[in-house]
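First comes the structure, then the notes that go with it.
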Amino acid sequence: MDEKTIRNIFQDYCEREEERLKFEMPKWLGIDEIHIIKKPRCVLTNIEHQTVIDMLDNRNKSTLLRYFTKREDRERIEFVAMDMWHP
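Quick note on numbering: the sequence shown equals residues 9 to 95 in the working numbering.
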């Protein structure tokens, strides 16, 4: 089987799983970063349950605003804990 075919099948699977596994926004949201392959990624966590909610491609303000604008359940968030980082 061709590598591109396998990648396409895996991408389709990931998209289906993302729709099925939507994590609810928590009352206590943690925002942090992790470096993967020398690139900073934004990690969103549920502090109360110590679970990862999502991982974003970068930590840019515009990326976070776009993400939270799309989340209808963002009103559930009451508290946010994050590192103070400035470029």
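We put the CB at the ideal spot given by N, CA and C, even for glycine.
Just so you know, these numbers come straight off a predicted model, no measurement behind them.
What does residue i pair with, by DSSP beta-bridge criteria?
i: residue 63; result: 51
i: residue 57; result: DSSP lists no partner for residue 57.
i: residue 41; result: 50
i: residue 90; result: 39
Go ahead and label residue i buried or exposed: buried means 16 or more other beta carbons lie within 10 angstroms of its beta carbon, across all protein chains shown.
i: residue 73; result: exposed
Figure out for me which residue from the options has the closest Cα to the Cα of residue i.
i: residue 76; options: 16, 32, 47 and 10; result: 32
i: residue 63; options: 40, 13 and 80; result: 40
i: residue 1; options: 58, 51, 30 and 11; result: For residue 1 there is no data in the structure shown, the boundaries of the chain being 9 and 95.
Would you mind stating whether residue i and residue j have Cβ atoms separated by less than 8 angstroms?
i: residue 71; j: residue 60; result: no
i: residue 49; j: residue 68; result: no
i: residue 51; j: residue 42; result: yes
**Prompt:** Is the number of C-beta pairs between the segment 21-37 and the segment 77-89 that are closer than 8 angstroms three or more?
**Reply:** yes
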